[in-house]
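Asks: The structure under discussion is supplied below as structure tokens; questions concerning it will follow.
In this note's numbering, the protein residues as written are 25 to 263.
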């Protein structure tokens, strides 16, 4: 019923609407849209009344979400994303140099695109909860990259091979088992939260499961080759 009501509200409002069941009133639904005029709001009520009966549909209350700084949810999400991305990028530069940071930035970007794909596939509303999902996604991506990149860097400094690509392959092989165990544990925890938590938590957990898979793929199969393609690390000093 909520899916059907969502389609009706979206058509009536002329923009994407989110419809969820109320937890306090069993027979009520909560409709979330962007800024709309009162006549459009009434049009939503009218359309719902035509579908379910005018005597069964009544507007109980309206509210305007306060998201701060006039940005709206999407604007705030973009601001948080840019700030978090900048902080992580500076961390990668300090630890692995510009070449490593460039490779890591591409991997994190691909992971975020996979997470957004999950939102689109499962028709999950990108609301304030998406901010938490994005932050956790960036944290998972950064941790995955750090595990693989640290393995490559340690081997490069200890062995001192001239071919960085060869060293990267060896470093990835030595670190992939640890990364797989960590992301598998994270995936299990996310699944437990998803099946035992509220609907709001499930909306976060589904994209994060996609992020775990994307983080493993990008860290193991993309990060090392991209780092080598960008020039790798400077040759270590021979002892």
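Note that beta-carbon positions come from the ideal geometry of N, C-alpha and C, so glycine has one too.
On the CB-based measure, 16 or more other CB atoms within 10 Å of its CB, does residue 231 come out buried or exposed?
Replies: Counting from 1 along the chain shown, the entry for residue 231 is found at position 207. So residue 231 counts as buried.
Asks: In terms of residues, what are the limits of the beta strand (DSSP E) holding residue 200?
Replies: One-based indexing of the chain shown puts residue 200 at position 176. Premise fails: residue 200 lies in the alpha helix (DSSP H), 188-220, not in any beta strand (DSSP E).
Asks: Please list the terminal residues of the continuous beta strand (DSSP E) segment that includes residue 44.
Replies: The sequence position of residue 44 within the chain shown is 20, counting from 1. Run containing residue 44: 42-45, per the beta strand (DSSP E) assignment.
Asks: How many angstroms separate the CA atom of residue 59 from the CA atom of residue 28?
Replies: Residue mapping note: residue 59 aligns to position 35 of the chain shown, counting from 1. Residue mapping note: residue 28 aligns to position 4 of the chain shown, counting from 1. Answer to the nearest angstrom: the Cα atoms are 22 Å apart.
Asks: Buried or exposed: which applies to residue 26, given that a residue is buried once 16 or more other Cβ atoms fall within 10 Å of its Cβ?
Replies: As a first step, residue 26 must be located in the chain shown, where it is residue number 2. Answer is exposed; the Cβ neighbour count stays below 16.
Asks: Which residues does DSSP list as the beta-bridge partners of residue 80?
Replies: On the chain shown, position 56 is the one that residue 80 refers to. DSSP lists no partner for residue 80.
Asks: Would you list the one or two residues that DSSP bridges to residue 53?
Replies: Here residue 53 refers to the residue found at position 29 when the chain shown is read from its first residue. According to DSSP, residue 53 bridges with 45.
Asks: Would you kindly report the start and end of the unbroken alpha helix (DSSP H) that includes residue 173?
Replies: As a position in the chain shown, residue 173 is number 149, starting the count at 1. For residue 173, the uninterrupted alpha helix (DSSP H) segment begins and ends at 153-183.
Asks: Kindly indicate which three-state DSSP category residue 139 falls into: helix, strand or coil?
Replies: Reading the chain shown from its first residue, position 115 is the one you call residue 139. When secondary structure is reduced to three states using DSSP, residue 139 falls in the helix class.
Asks: Counting pairs of Cβ atoms below 8 Å between the segment 210-224 and the segment 173-181, do you hit three or more?
Replies: no
Asks: Taking only the alpha-carbon atoms, compute the straight-line gap between residue 71 and residue 150 and give it to the nearest angstrom.
Replies: Translated into the one-based positions of the chain shown, residue 71 becomes position 47. Translated into the one-based positions of the chain shown, residue 150 becomes position 126. Using only the alpha carbons, I get a separation of about 24 Å.
Asks: How close, in whole Å, do the beta carbons of residue 240 and residue 192 come, if the pair is a contact with beta carbons under 8 Å?
Replies: Numbered from its first residue, the chain shown carries residue 240 at position 216. Numbered from its first residue, the chain shown carries residue 192 at position 168. Contact flag wrong, Cβ pair sits at about 17 Å.
Asks: Is it the case that the Cβ atoms of residue 141 and residue 243 are separated by a distance below 8 Å?
Replies: Working through the chain shown from its first residue, we reach residue 141 at position 117. Working through the chain shown from its first residue, we reach residue 243 at position 219. No, the Cβ-Cβ distance between residue 141 and residue 243 is not below 8 Å.
Asks: Can you tell me where the alpha helix (DSSP H) holding residue 31 begins and where it ends?
Replies: Stepping through the chain shown from its first residue, residue 31 is reached at position 7. 26-37 is the extent of the alpha helix (DSSP H) around residue 31.
Asks: For the structure I just gave you, are there three or more beta carbon pairs, one from the segment 207-222 and one from the segment 124-136, closer than 8 Å?
Replies: no
Asks: Leaving out the 5 sequence neighbours to the left and right, which residues in its chain are closer than 8 Å to residue 172 when beta-carbon positions are compared?
Replies: Position 148 of the chain shown, counting from 1, holds the residue named residue 172. The residues are 195, 196, 199, 200, 203, 243, 244, 247 and 248.
Asks: Report the option in 190, 233 and 154 whose CA atom is closest to the CA atom of residue 102.
Replies: Position 78 of the chain shown, counting from 1, holds the residue named residue 102. It is 154 whose Cα lies nearest to the Cα of residue 102.
Asks: Please report the distance separating the alpha-carbon of residue 39 from that of residue 31.
Replies: Counting from one through the chain shown, the residue named residue 39 turns up at place 15. Counting from one through the chain shown, the residue named residue 31 turns up at place 7. Between residue 39 and residue 31, the C-alpha separation is close to 10 Å.
Asks: Take residue 138 and list the residues in its own chain whose beta-carbon comes closer than 6 Å to its own, dropping the five residues that flank it on each side.
Replies: Taking the first residue of the chain shown as position 1, residue 138 is located at position 114. So the qualifying residues of the chain are 234 and 238.
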